[in-house]
Each structure stands twice: as structure tokens, then as C-alpha cells.
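**Q** Here it is, the structure, as C-alpha cells.
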Amino acid sequence: MTSTYRFTTPLQDEDVAQLRAGDKVLLSGVIYTARDAAHKRLIDLIEKGEPLPMEIKGQVIYYVGPSPARPGRAIGAAGPTTSYRMDPYAPTLMAKGLKAMIGKGKRAPEVIEAMTRYKAVYLAATGGAGALMSQAIKEASILAYEDLGPEAIWRLVVNDLPAIVVNDTLGNDLYVEGVEKYRQAS
Amino acid sequence: MRDIACADIVRTVKQLFMDANFLLGDDMLAALEKGRADEASPVGKDVFDQLLENARLAREEKIPICQDCGYALVFVEMGQETHIVGGDFTEAINEGVRQAYQEGYLRKSVCHPFTRRNTGDNTPAIIYLDMVPGDSFRITAVPKGGGSENMSKLFMLPPSAGLQGAKQRVIETVRDAGPNPCPPTVVGVGIGGTFEQCALQAKKALLRPVGKPNPDPELDALEKGWLAELNKLGVGPQGLGGTVTSMALHIRMLPCHIASFPVAVNIQCHAARHKEAEL
Chain A
377 MTSTYRFTTP
387 LQDEDVAQLR
397 AGDKVLLSGV
407 IYTARDAAHK
417 RLIDLIEKGE
427 PLPMEIKGQV
437 IYYVGPSPAR
447 PGRAIGAAGP
457 TTSYRMDPYA
467 PTLMAKGLKA
477 MIGKGKRAPE
487 VIEAMTRYKA
497 VYLAATGGAG
507 ALMSQAIKEA
517 SILAYEDLGP
527 EAIWRLVVND
537 LPAIVVNDTL
547 GNDLYVEGVE
557 KYRQAS
Chain B
4 MRDIACADIV
14 RTVKQLFMDA
24 NFLLGDDMLA
34 ALEKGRADEA
44 SPVGKDVFDQ
54 LLENARLARE
64 EKIPICQDCG
74 YALVFVEMGQ
84 ETHIVGGDFT
94 EAINEGVRQA
104 YQEGYLRKSV
114 CHPFTRRNTG
124 DNTPAIIYLD
134 MVPGDSFRIT
144 AVPKGGGSEN
154 MSKLFMLPPS
164 AGLQGAKQRV
174 IETVRDAGPN
184 PCPPTVVGVG
194 IGGTFEQCAL
204 QAKKALLRPV
214 GKPNPDPELD
224 ALEKGWLAEL
234 NKLGVGPQGL
244 GGTVTSMALH
254 IRMLPCHIAS
264 FPVAVNIQCH
274 AARHKEAEL
């Protein structure tokens with residue numbers, strides 16, 4: 377039986393440890409956006425021993441490059457981008473305290489393994505539902521790397537942002553389990 | 004000879020890309036409704052509900068259906084009895100794209116491949132020009148997302164692979180893509196032609212309205228059979244498991260070289276956006 381959890385960031389170890397693949401999560405509070413180009417810069421900073429533009433401990437990164445906001449709106453369309461492009465960088469951020477990643481699509485085995493080691497989870501938001509996802513985003517401001525355009529790091533204030541747990545801290549994978557349940561012989 | 008003014012091309016291209024990004028087509032709305040009815044998984048049904056709600060919000064609030072407002076593909080069918088006046092054809096299309104993405108608050112998603120520097124206005128458009136008889140002038144605008152494009156494949160098979168081999172490659176491509184291209188998808192398949200034409204046929208196959216049968220009965224039968232196989236994979240909506248992995252599979256075929264059997268699979272996410280206009 378799956379459960380629905382409501383969390384406000386920053387997340388604690390005990391928050392994410394109780395989650396299981398298939399559970400639903402409604403996230404509120406401050407989260408950060410980053411795509412491949414921003415991740416590369418974050419990892420460069422870590423390798424040089426320099427501070428990151430935001431506190432990463434207990435935090436949530438949403439893999440998204442939003443469309444521009446119309447006047448009077450917080451943000452444009454803001455659905456998840458495909459997560460595997462962030463796989464080379466994700467374990468380093470988890471080692472620094474990142475607790476959850478929101479995206480869509482499969483993760484590499486080493487990323488799933490890092491989630492069990494560092495107690496972090498991977499959540500899927502509905503890909504291609506950019507207009508719907510934008511409704512949960514109440515504030516948005518560029519935090520860093522404005523030169524990257526849609527790939528800049530944004531600070532988002534979200535209210536009940538909906539997502540589903542794909543990879544939990546025990547190594548379960550909804551993408552594997554869900555497909556096995558519905559696969560039919562050809 | 005009928006004159007086609009570049010200013011009209013600019014205006015039309017601009018309107019088409021804005022409409023495509025905000026107004027999901029009636030064929031796709033019907034396909035999403037059908038998918039929701041057919042889907043066995045409760046989580047999968049939830050996904051269809053979200054996608055229908057997303058389409059409604061996009062339409063009513065003028066928020067893009069997806070934040071990936073796509074690479075701008077433009078297909079032009081130009082009557083040989085038409086004459087372009089008042090400017091440069093390519094520049095007129097690029098200007099239409101530029102204005103749509105700027106004034107429509109659409110995301111600019113085109114960059115230099117090495118430096119990754121964004122071109123800033125979603126140009127250059129990719130333009131395909133077909134010359135047709137008469138004096139018609141038809142423009143189709145296709146904002147194509149990157150996530151589903153990344154999961155697309157081209158196979159230069161030996162002729163001995165046969166239709167069974169082609170079908171196997173199509174199924175494997177969709178299976179291995181799993182959740183990445185945002186299923187439920189529409190799958191475009193090109194068979195035959197040359198290396199580049201095969202891929203283009205797969206792309207053009209995506210432009211046929213979903214629900215409209217293939218006019219070739221042999222291809223129509225293949226489409227139905229292969230789609231049924233895709234939906235046995237279990238991938239389901241968003242790859243979370245389910246019985247509707249793809250809403251449609253479309254095939255376009257061309258003759259090929261006696262040594263070749265090219266098969267291209269172009270995956271399109273559920274936000275299958277395209278708008279057409281006659282000038």
C-alpha cells in the first residue's frame with residue numbers, strides 16, 4: 377500500500393528514510409532548480425573547495441528549465457527534464473547533503489547506490505505537465521548563473537508540489553517494479 | 004503565379020508556434036481521453052488526468068503545455084506556381100520563430116553544440132521545403148522537444164532482417180527508452196529511403212493526426228500490430244508501469260537501395276504539438 381507524505385524543506389534523514397518507491401509526496405518550502413550546465417558549475421566549485429551558491433544540506437534539487445514567466449506570474453511552464461543527464465554529478469551532491477532530486481526518467485546504478493549510501497531519494501514529477509506543475513510554484517527568482525538562460529539556478533518557493541517516489545533509500549526502483557507488474561508476453 | 008509576401012510568412016509562423024505551444028490538438032486530446040479509459044494502472048490513470056488538466060490550463064491560461072517549447076521545425080509545401088516576394092524566405096521563417104518565442108514567453112532551447120551558449124531566440128529554425136503542383140502554400144510548425152528526440156534511433160539493417168527485424172528494433176527502442184521520453188508517446192517509424200530520408204520519414208509520420216488511419220492498408224495493419232506489441236511492454240504512462248505506453252504508431256515507407264533496409268524510430272512525447280496553415 378502506498379502512502380502520501382507532506383514535507384516542508386529542508387528535509388531530515390528520517391523524512392526520506394520512511395519513503396518507499398510508489399509513495400506520493402507533496403513538497404512545500406524552498407527548493408532549487410538545476411540542469412546539466414548548472415550541475416557542472418556546482419561540481420567545479422566543490423572540486424575547487426569553494427562554497428556553493430546555496431546551502432545543499434537537507435535540500436531538494438528540481439531538474440527543470442522553466443519557460444519565461446508572463447507578467448504577473450511567478451513562473452512559466454515548469455515540468456521536469458530527463459534526469460540521466462545529471463547522473464555524473466548527482467552522487468557528489470548527495471555526499472554534500474542533498475536529500476532529494478525531482479526529475480523524470482531512469483537513473484544510473486551508481487546514482488541509485490548513492491541514494492542508499494547517503495540517504496536520499498529520487499522523485500518523479502509528471503513530465504510534460506509543465507502548465508500543471510507551475511501551479512505549485514508560488515515564487516521564483518534566479519539565484520545563480522543567469523548567463524545560462526533557461527539553465528540558470530532558480531530558487532523556488534513551492535506549495536504541495538506533487539511527485540512520486542521512484543528510488544528510495546533501500547534501493548527500490550518504481551520504474552522496474554511498475555513495468556514488471558504490467559508487462560505481458562508478446 | 005501567386006505572390007506570397009514574406010510578411011505573411013512571418014505572421015503565420017509566429018501564430019503557429021504560439022498556438023502549437025498553448026493549444027494541444029483535438030486529436031491528442033481525444034487520444035488522452037481514450038488512453039485514460041484504456042489504462043489498467045491506477046497510477047497511469049492519474050497521469051492521464053494530469054495531462055488532460057495540463058492541456059486545459061495551457062489552453063486557458065496561455066502557459067506552454069511543456070516548458071520544453073521545442074526546437075522549431077517548419078515544413079513548407081510550396082506550390083510551384085507561387086512566388087515569394089518582399090524579403091528572404093529563410094529569414095522570414097526565422098523571424099516568425101523569433102517573435103513567437105519572445106512574445107509568447109516560450110523557452111528558448113537552442114544552443115551552440117560545443118560551448119552550449121544559447122542562441123537566445125530559438126533560431127535557427129529547421130526548414131523542410133517540398134515543391135508541389137499548383138499555387139498552394141502550406142506551413143506546418145512543429146515544436147519538437149529534446150527529451151523524446153534523445154530516445155530516437157536509426158538502424159541500417161541488412162535486408163535479411165525483414166519486417167520481423169524492423170519490428171524488433173522498434174519495440175526495443177521504446178522499451179529501452181522507458182520513462183525518459185515522457186510516455187504515453189506517439190511513435191513515428193520510417194522504413195526505407197536513405198540514411199537521412201529514413202529519419203525524415205519517421206519525423207513526417209508524427210505529423211499525421213492521431214486516430215487517422217494509414218491510407219496504405221498494409222502499413223495500417225503493421226501499425227496496429229506493432230502498437231499492440233508496444234503496449235504489452237508494461238512501460239505505461241510516465242514509465243511508472245501500465246498498459247498504455249504509446250497512443251499511436253505511424254509508419255511512412257519509401258523504396259530503398261537493394262543493399263539496404265533502413266529503419267528509423269522517432270519518438271514523440273504525449274505533448275505532440277503541430278499546427279498547420281494555408282497562406
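If you're matching them up, the sequences are chains A and B in order. First residue of the first sequence? That's 377 in the working numbering, and the numbers climb one at a time after it. First residue of the second sequence? That's 4 in the working numbering, and the numbers climb one at a time after it. Glycine residues also receive a C-beta, built at the ideal position from the N, C-alpha and C atoms.
1) Would you be able to state if there are at least three C-beta pairs under 8 angstroms between the region 524-543 of chain A and the region 31-44 of chain B?
2) Which residues, in chain order, does the region 251-275 of chain B contribute to contact with chain A at a C-beta distance below 8 angstroms?
3) Is the separation between the beta-carbon of I96/B and that of V16/B shorter than 7 angstroms?
4) What residue ranges within the region 468-544 of chain A form continuous alpha helix (DSSP H) runs of no fewer than 4 residues, ordered along the chain?
5) Look up A314/B in the DSSP assignment and give the residues it is bridged to.
6) Got a sec? Which residues, its chain only, sit under 6 angstroms from I142/B by beta carbon, not counting five neighbours each side?
7) To the nearest angstrom, report how far apart D63/B and F25/B are at their CA atoms.
8) Listing by chain order, which chain A residues have their CB less than 8 angstroms from the CB of N153/B?
9) Apart from the five residues on each side of it in sequence, which residues of its chain come closer than 8 angstroms, Cβ to Cβ, to L236/B?
10) On the three-state DSSP scale, how would you describe V392/A?
11) Can you find the residues in the same chain that come closer than 6 angstroms, C-beta to C-beta, to S517/A, ignoring five residues on each side of it along the sequence?
12) If you compare alpha carbons, which of N121/B, T93/B, L60/B, V145/B is closest to T76/B?
13) Helix, strand or coil for L403/A? Go by DSSP, reduced to three states.
14) Starting from the beta carbon of S443/A, find every residue of chain B whose beta carbon is closer than 7 angstroms, and list them in chain order.
15) With a CB to CB cut of under 6 angstroms and the five nearest residues on each side skipped, what residues in its chain are close to I68/B?
16) At 8 angstroms on the CB atoms, spell out the chain A contacts of C185/B, in chain order.
17) With a Cβ-Cβ cutoff of 7 angstroms, do A505/A and G455/A count as a contact?
18) Closer than 8 angstroms, Cβ to any Cβ of chain B: which residues of the region 488-502 of chain A, in chain order?
19) Alpha carbon to alpha carbon, how far is D399/A from L550/A?
20) Report buried or exposed for K482/A, applying the criterion of at least 16 other Cβ atoms within 10 angstroms of its Cβ.
21) Please report whether the beta-carbon of R382/A lies at a distance below 7 angstroms from any beta-carbon of chain B.
22) Hey, which unbroken runs of the alpha helix (DSSP H) at 4 residues or more fall wholly within the region 41-110 of chain B?
23) Please report the residue range of the beta strand (DSSP E) in which V145/B lies.
24) Let me know if D49/B comes out buried or exposed under the rule of 16 or more other beta-carbons within 10 Å of its beta-carbon.
25) Closest by CA to L402/A, which one among Q511/A, Y521/A, E556/A, L519/A?
26) Could you check how far apart the C-beta atoms of A500/A and Q241/B are, in whole angstroms? I think they sit under 8 angstroms.
27) With 8 angstroms as the limit, tell me which residues of the region 28-46 of chain B have their beta carbon closer than that to any beta carbon of chain A; keep them in chain order.
28) Report yes or no: do three or more beta-carbon pairs, one from the region 218-228 of chain B and one from the region 523-537 of chain A, lie closer than 8 angstroms?
29) Which residues in chain B have a C-beta closer than 7 angstroms to the C-beta of L519/A? List them in chain order.
30) Note the first and the last residue of the continuous beta strand (DSSP E) segment covering Y439/A.
31) If you compare alpha carbons, which of P127/B, Y108/B, A103/B, G107/B is closest to C114/B?
32) With 7 angstroms as the C-beta to C-beta threshold (strictly closer), list the residues of the region 118-132 of chain B near chain A in chain order.
33) I'd like to know if the region 191-204 of chain B and the region 250-261 of chain B are in contact, where contact means that at least 3 CB-CB pairs between them fall below 8 angstroms.
34) For the region 53-60 of chain B and the region 84-94 of chain B, state whether three or more C-beta atom pairs, one from each stretch, are separated by less than 8 angstroms.
35) Hey, C185/B and C272/B: beta-carbon distance below 7 angstroms or not?
36) For K227/B, which option in G148/B, V238/B, G239/B, M250/B has the closest C-alpha, if you only look at C-alpha atoms?
**A** The structure says:
1) no
2) C272, H273, A274
3) Counting from one through the second sequence, the residue named residue 96/B turns up at place 93. Counting from one through the second sequence, the residue named residue 16/B turns up at place 13. Yes, the Cβ-Cβ distance between I96/B and V16/B is below 7 angstroms.
4) Taking only runs of at least 4 residues, the alpha helix (DSSP H) segments lying wholly in the region 468-544 of chain A are 485-494, 506-510.
5) Here chain B has residues from 4 to 282 only, and residue 314/B is not among them.
6) Your numbering for residue 142/B matches position 139 in the second sequence. For I142/B, where only same-chain residues beyond five positions count, the Cβ hits under 6 angstroms are T15, V79, A280.
7) Taking the second sequence and counting its residues from 1, one reaches residue 63/B at position 60. Taking the second sequence and counting its residues from 1, one reaches residue 25/B at position 22. Asp is not the amino acid found at residue 63/B; the sequence shown has Glu there. Taking the straight line from one Cα to the other gives about 8 angstroms.
8) By 1-based counting over the second sequence, the position of residue 153/B is 150. Near N153/B (Cβ distances below 8 angstroms), the residues of chain A are T458.
9) As a working mapping, residue 236/B is identified with position 233 in the second sequence. For L236/B, where only same-chain residues beyond five positions count, the Cβ hits under 8 angstroms are I174, V177, R178, T248.
10) Here the question's residue 392/A lines up with position 16 in the first sequence. Of the three classes helix, strand and coil, the one that applies to V392/A here is helix, per DSSP.
11) For the purposes of this step, residue 517/A is taken as residue 141 along the first sequence, with counting starting at 1. If we look at S517/A and ignore the five residues flanking it on each side, its Cβ neighbours are R531.
12) Position 73 of the second sequence, counting from 1, holds the residue named residue 76/B. For clarity, residue 76/B is Leu in the given sequence; the question names Thr instead. Among N121/B, T93/B, L60/B, V145/B, the Cα nearest to that of L76/B belongs to V145/B.
13) Residue numbering aside, residue 403/A sits at position 27 when the first sequence is read from its first letter. Three-state result, L403/A: strand.
14) Stepping through the first sequence from its first residue, residue 443/A is reached at position 67. P67, Q70, C72, Y108, L109, R110, listed in chain order.
15) The count along the second sequence starts at 1 and reaches residue 68/B at position 65. Cβ within range, chain order: L27, A61, A274.
16) Stepping through the second sequence from its first residue, residue 185/B is reached at position 182. Result: K480, G503, G504.
17) For the purposes of this step, residue 505/A is identified with residue 129 of the first sequence, where counting begins at 1. For the purposes of this step, residue 455/A is identified with residue 79 of the first sequence, where counting begins at 1. Against a cut-off of 7 angstroms, the Cβ pair of G455/A and A505/A comes out as a contact.
18) Answer set for the region 488-502 of chain A: A500, T502.
19) As a position in the first sequence, residue 399/A is number 23, starting the count at 1. As a position in the first sequence, residue 550/A is number 174, starting the count at 1. Distance between the alpha carbons of D399/A and L550/A: 10 angstroms.
20) Taking the first residue of the first sequence as position 1, residue 482/A is located at position 106. Flag for K482/A reads buried.
21) The residue given as residue 382/A occupies position 6 in the first sequence. Interface with chain B (7 angstroms Cβ-Cβ cutoff): R382/A is excluded.
22) 45-64, 92-106
23) Translated into positions along the second sequence, residue 145/B becomes position 142. It spans 140-147 - the beta strand (DSSP E) in which V145/B sits, taken as one unbroken run.
24) The sequence position of residue 49/B within the second sequence is 46, counting from 1. By the 10 Å Cβ count, D49/B comes out buried.
25) Within the first sequence, residue 402/A is the residue found at index 26, counting from 1. Of the candidates Q511/A, Y521/A, E556/A, L519/A, the one whose C-alpha sits nearest the C-alpha of L402/A is Q511/A.
26) By 1-based counting over the first sequence, the position of residue 500/A is 124. By 1-based counting over the second sequence, the position of residue 241/B is 238. That belief holds up - the Cβ atoms of A500/A and Q241/B are roughly 7 angstroms apart, short of 8 angstroms.
27) A43, S44, V46
28) no
29) Residue numbering aside, residue 519/A sits at position 143 when the first sequence is read from its first letter. Residues of chain B passing the Cβ test: none, with the nearest at roughly 18 angstroms.
30) One-based indexing of the first sequence puts residue 439/A at position 63. Bounds of any beta strand (DSSP E) do not take in Y439/A, whose DSSP letter is neither H nor E.
31) As a working mapping, residue 114/B is identified with position 111 in the second sequence. Per the Cα distances, P127/B.
32) R119, N121
33) yes
34) no
35) Looking up residue 185/B in the second sequence gives position 182. Looking up residue 272/B in the second sequence gives position 269. In this structure, C272/B lies closer than 7 angstroms to C185/B by Cβ.
36) In the second sequence, counting from the first residue as 1, residue 227/B sits at position 224. Put simply, of G148/B, V238/B, G239/B, M250/B the residue whose alpha carbon is nearest the alpha carbon of K227/B is M250/B.
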